[in-house]
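2 protein chains.
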Amino acid sequence: MSTAPAIIAVDWGTSSFRLWLMSNDGTVLAEHRSHEGMSEVAERGFETVLESHLKALSIPDSLPVVICGMAGSRQGWVETGYINTPADVTTIGENAVLVPGVARRTIIIPGLAVRSHNEPDVMRGEETQLLGAHLELPGGERYCMPGTHSKWVSMNGAMVTGFETFMTGELFATISARTILVHSTGGEGPVDAQDPAFLTGVRDGWTRPEKTTHHLFSIRAGQLLHGRGPDENRARLSGLLIGAELAGAGVRGGEQIGLVASGALQRLYHAALSECGVQVRDIDADVAVRRGLVDSWHSFSNLNGDLKRA
Amino acid sequence: MSTAPAIIAVDWGTSSFRLWLMSNDGTVLAEHRSHEGMSEVAERGFETVLESHLKALSIPDSLPVVICGMAGSRQGWVETGYINTPADVTTIGENAVLVPGVARRTIIIPGLAVRSHNEPDVMRGEETQLLGAHLELPGGERYCMPGTHSKWVSMNGAMVTGFETFMTGELFATISARTILVHSTGGEGPVDAQDPAFLTGVRDGWTRPEKTTHHLFSIRAGQLLHGRGPDENRARLSGLLIGAELAGAGVRGGEQIGLVASGALQRLYHAALSECGVQVRDIDADVAVRRGLVDSWHSFSNLNGDLKRA
Numbered sequence: 005m006s007t008a009p010a011i012i013a014v015d016w017g018t019s020s021f022r023l024w025l026m027s028n029d030g031t032v033l034a035e036h037r038s039h040e041g042m043s044e045v046a047e048r049g050f051e052t053v054l055e056s057h058l059k060a061l062s063i064p065d066s067l068p069v070v071i072c073g074m075a076g077s078r079q080g081w082v083e084t085g086y087i088n089t090p091a092d093v094t095t096i097g098e099n100a101v102l103v104p105g106v107a108r109r110t111i112i113i114p115g116l117a118v119r120s121h122n123e124p125d126v127m128r129g130e131e132t133q134l135l136g137a138h139l140e141l142p143g144g145e146r147y148c149m150p151g152t153h154s155k156w157v158s159m160n161g162a163m164v165t166g167f168e169t170f171m172t173g174e175l176f177a178t179i180s181a182r183t184i185l186v187h188s189t190g191g192e193g194p195v196d197a198q199d200p201a202f203l204t205g206v207r208d209g210w211t212r213p214e215k216t217t218h219h220l221f222s223i224r225a226g227q228l229l230h231g232r233g234p235d236e237n238r239a240r241l242s243g244l245l246i247g248a249e250l251a252g253a254g255v256r257g258g259e260q261i262g263l264v265a266s267g268a269l270q271r272l273y274h275a276a277l278s279e280c281g282v283q284v285r286d287i288d289a290d291v292a293v294r295r296g297l298v299d300s301w302h303s304f305s306n307l308n309g310d311l312k313r314a
Numbered sequence: 005m006s007t008a009p010a011i012i013a014v015d016w017g018t019s020s021f022r023l024w025l026m027s028n029d030g031t032v033l034a035e036h037r038s039h040e041g042m043s044e045v046a047e048r049g050f051e052t053v054l055e056s057h058l059k060a061l062s063i064p065d066s067l068p069v070v071i072c073g074m075a076g077s078r079q080g081w082v083e084t085g086y087i088n089t090p091a092d093v094t095t096i097g098e099n100a101v102l103v104p105g106v107a108r109r110t111i112i113i114p115g116l117a118v119r120s121h122n123e124p125d126v127m128r129g130e131e132t133q134l135l136g137a138h139l140e141l142p143g144g145e146r147y148c149m150p151g152t153h154s155k156w157v158s159m160n161g162a163m164v165t166g167f168e169t170f171m172t173g174e175l176f177a178t179i180s181a182r183t184i185l186v187h188s189t190g191g192e193g194p195v196d197a198q199d200p201a202f203l204t205g206v207r208d209g210w211t212r213p214e215k216t217t218h219h220l221f222s223i224r225a226g227q228l229l230h231g232r233g234p235d236e237n238r239a240r241l242s243g244l245l246i247g248a249e250l251a252g253a254g255v256r257g258g259e260q261i262g263l264v265a266s267g268a269l270q271r272l273y274h275a276a277l278s279e280c281g282v283q284v285r286d287i288d289a290d291v292a293v294r295r296g297l298v299d300s301w302h303s304f305s306n307l308n309g310d311l312k313r314a
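If you're matching them up, the sequences are chains S and C in order.
If you count the first sequence from 1, you need to add 4 to reach this note's numbering.
If you count the second sequence from 1, you need to add 4 to reach this note's numbering.
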């Protein structure tokens with residue numbers, strides 16, 4: 005292991021592109037972010053966009069690229085499919101797909117799927133974060149990965165025994181911008197995780213999730229009848245939706261949960277889980293995804309020695 | 005009582021205008037509908053829009069107008085406020101507000117409010133439907149009034165003891181058009197109330213409302229993994245949201261509920277309530293609102309005899 009440039013790690017999602025130049029031992033040597041997510045690259049092509057970023061950072065052609073996220077979806081660069089659960093999360097690298105017809109060695113990591121009849125589910129990108137989280141803090145049995153589509157994962161050792169997605173982040177954005185609540189929750193500032201309206205919302209959502217769509221309208225009524233302002237209302241809306249997610253995930257006081265998150269979401273979910281009496285183990289989402297990407301490259305190249313020597 | 009033209013009854017909502025020419029005994033003599041809801045009349049003015057409709061129907065200047073709905077809101081024609089619950093629903097006509105400065109005698113009915121600290125709520129327009137429903141089928145203790153914002157009302161005789169609003173209709177429209185589910189629930193056809201996907205959704209939403217935001221994402225996953233089509237997905241989405249509303253309203257098998265609805269919504273909610281073992285008493289929403297408007301006019305004019313003779 006050394007700190008020489010060795011691997012290009014990329015998280016390529018629907019609306020964002022994050023690239024890190026990594027050493028074999030996981031040191032970050034350079035970083036680059038842009039908004040050229042999936043939806044932006046359709047015209048220019050994935051390889052063109054990727055190489056323009058690598059050229060800007062003067063990264064040599066010899067280094068391989070490992071990618072997770074929506075680049076592996078049907079509408080992405082190369083479709084990588086899904087590994088069915090139960091699945092050993094340490095095998096996602098071995099199952100990565102080599103992108104054909106490009107000069108640079110480039111692999112994309114597959115997603116995970118729950119092929120249940122009644123409650124099918126998928127993840128793509130979070131499996132790599134999950135691998136990193138598992139390597140950072142082994143032994144966790146439950147992980148919460150908040151976001152546009154929050155993922156709740158159950159594990160037994162390295163085995164992913166199941167997971168559930170909650171549309172919390174997307175519902176918050178859509179309900180606050182596209183329903184009658186736009187008049188009550190205006191503004192775009194981040195919600196304060198210590199705002200009493202947020203914490204009360206969490207508790208109401210967690211203890212009475214069946215009332216959620218009523219509690220939402222009640223925010224509007226609270227503006228009309230009690231003159232409640234947009235910051236308080238946004239905080240309550242966020243709390244209600246996160247609280248309902250915690251109820252849906254079956255969160256109970258006293259249990260231990262690994263929270264894979266960073267920034268504002270980390271603060272909100274840490275506060276929400278603590279409000280419900282959970283022992284939170286924090287794992288930085290950026291650290292986790294980088295570690296998952298680097299580990300996946302090692303797994304892939306160990307299995308495909310000829311490629312490594314090529 | 006006679007069948008001569010006597011009262012102009014108007015339900016003036018945010019996005020629709022419905023007018024009926026009524027006799028004193030409640031016979032419908034003429035009907036007119038348009039999309040000139042509240043949001044359309046700001047420029048032309050309420051009186052101008054109303055008189056243009058009345059002129060088109062050759063309705064004499066001497067007839068009074070009774071209006072319910074958003075025309076009585078702060079952004080409406082004249083703000084009529086809210087009567088606080090508990091409230092006798094038969095008093096809404098006595099509390100109607102005479103519109104000042106217009107040639108034609110015109111009254112607007114107030115809304116109802118729950119001024120609770122934790123769960124405030126309001127209705128405007130539905131109180132008139134509720135009065136009509138109470139007069140059509142007295143003795144009901146629970147009424148469901150589905151719509152963009154569904155209202156669930158508890159009554160003791162004519163007393164409204166409380167109510168709760170659920171944002172079901174607006175959430176269905178917004179989630180199917182403005183979230184990732186747009187790819188899975190495309191199309192705009194009405195949902196079939198006998199579709200097994202609708203009824204299964206109702207049952208899942210009713211029995212496990214805390215899972216709703218997970219079940220929503222699962223619709224997307226069902227498309228990706230099982231190839232489920234837009235009609236089935238729309239039906240399930242509708243069922244899940246209505247089922248969660250029923251759970252939030254505390255619906256139990258065997259109870260009796262008055263369903264104030266018409267058209268496609270009546271079919272969906274009747275099927276959903278029946279699926280949960282409820283004894284449904286159907287009350288047509290149009291019949292109810294007309295009866296509530298006519299009765300409110302009689303209450304108002306009995307109390308204000310001088311106006312009646314003016």
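Beta carbons: idealized from backbone N, C-alpha and C, even for Gly.
Out of the options, which one is the CA nearest neighbour of residue i?
i, options, result
"S:Ile87", "S:Glu98, S:Trp81 and S:Gln79", "S:Glu98"
"C:Val212", "C:Pro200, C:Ser62 and C:Ala248", "The amino acid occupying residue 212 of chain C in the given sequence is Arg; Val does not appear at that position. That would be C:Ala248, whose Cα lies nearest to the Cα of C:Arg212."
"S:Lys155", "C:Leu269, C:Thr217 and C:Ile113", "C:Thr217"
"S:Asp15", "S:Leu307, S:Leu250, S:Ser300 and S:Gly309", "S:Ser300"
"S:Arg22", "S:Met42, S:Ser6 and S:Ala10", "S:Met42"
"C:Pro104", "C:Glu83, C:Val118, C:Pro64 and C:Gly115", "C:Glu83"
"S:Asn308", "S:Leu102, S:Val106, S:Asp92 and S:Ala8", "S:Leu102"
"C:Ser266", "C:Met127, C:Cys148 and C:Phe202", "C:Cys148"
"S:His230", "C:Ala60, C:Phe202, C:Leu61 and C:Ser120", "C:Ser120"
"C:Tyr273", "C:Asn28, C:Pro150, C:Gly143 and C:Thr7", "C:Pro150"
"S:Ala2", "S:Val195, S:His302 and S:Gly296", "Within the shown structure, residues of chain S are numbered from 5 to 314, placing residue 2 of chain S beyond reach of any answer."
"C:Ala162", "C:Ala107, C:Glu123, C:Gly80 and C:Gly296", "C:Gly296"
"S:His303", "S:Ala117, S:Phe167 and S:Thr94", "Reading the sequence as shown, one finds Ser at residue 303 of chain S and not His. Taking only the C-alpha atoms, the option nearest S:Ser303 is S:Thr94."
Classify residue i as helix, strand or coil using the three-state DSSP reduction.
i, result
"C:Gly262", "strand"
"S:Pro9", "strand"
"C:Ile96", "coil"
"C:Asp199", "coil"
"C:Val103", "coil"
"S:Ser19", "coil"
"C:Lys312", "Low confidence applies here, because C:Lys312 scores a pLDDT of 48, under 50, leaving its location unreliable; read the following figure in that light. Looking at C:Lys312 - three-state DSSP - the assignment turns out to be helix."
"S:Trp301", "helix"
"S:Gln79", "coil"
"S:Arg182", "helix"
"S:Ser278", "helix"
"S:His39", "coil"
"C:Thr189", "coil"
"C:Glu47", "coil"
"S:Gly205", "helix"
"C:Gly257", "coil"
For residue i, write down the residues that DSSP places opposite it in a beta bridge.
i, result
"S:Lys59", "Per DSSP, none; premise fails for S:Lys59."
"C:Asn88", "C:Ala117"
"S:Ala34", "S:Leu25"
"C:Lys215", "DSSP, once it has assigned bridges, lists no residue as partnering C:Lys215."
"S:Thr169", "S:Lys155"
"S:Thr110", "S:Val69"
"C:Ile287", "C:Val264"
"C:Val14", "C:Leu23 and C:Ile71"
Is residue i a contact residue of the ligand NAD, with contact defined as CB to any heavy atom under 7 Å?
i, result
"S:His153", "Questions concerning the ligand NAD fall outside what the structure shown contains, since it holds no ligand whatsoever."
- Are the region 176-193 of chain C and the region 237-245 of chain C in contact at 8 Å, needing three or more beta carbon pairs? yes
- Inter-stretch contact at 8 Å, needing at least 3 Cβ pairs: the region 199-213 of chain S / the region 241-261 of chain S: yes
- Message: Check whether the region 274-294 of chain C and the region 164-182 of chain C are in contact - that is, three or more C-beta pairs closer than 8 Å.
- Response: no
- Query: Enumerated in chain order, which unbroken segments of the alpha helix (DSSP H) with a length of 4 residues or greater are wholly contained in the region 123-165 of chain C?
  - Reply: 130-140
- Along the chain, which unbroken stretches of the alpha helix (DSSP H) at least 4 residues long are found entirely within the region 209-255 of chain C? 216-230 and 234-252
- Message: Assess contact between the region 104-114 of chain C and the region 215-230 of chain S, defined as three or more Cβ pairs (one per stretch) separated by less than 8 Å. Is contact present?
- Response: no
- Please confirm if the region 63-83 of chain C is in contact with the region 125-138 of chain C, defined as three or more CB-CB distances below 8 Å between the two stretches. yes
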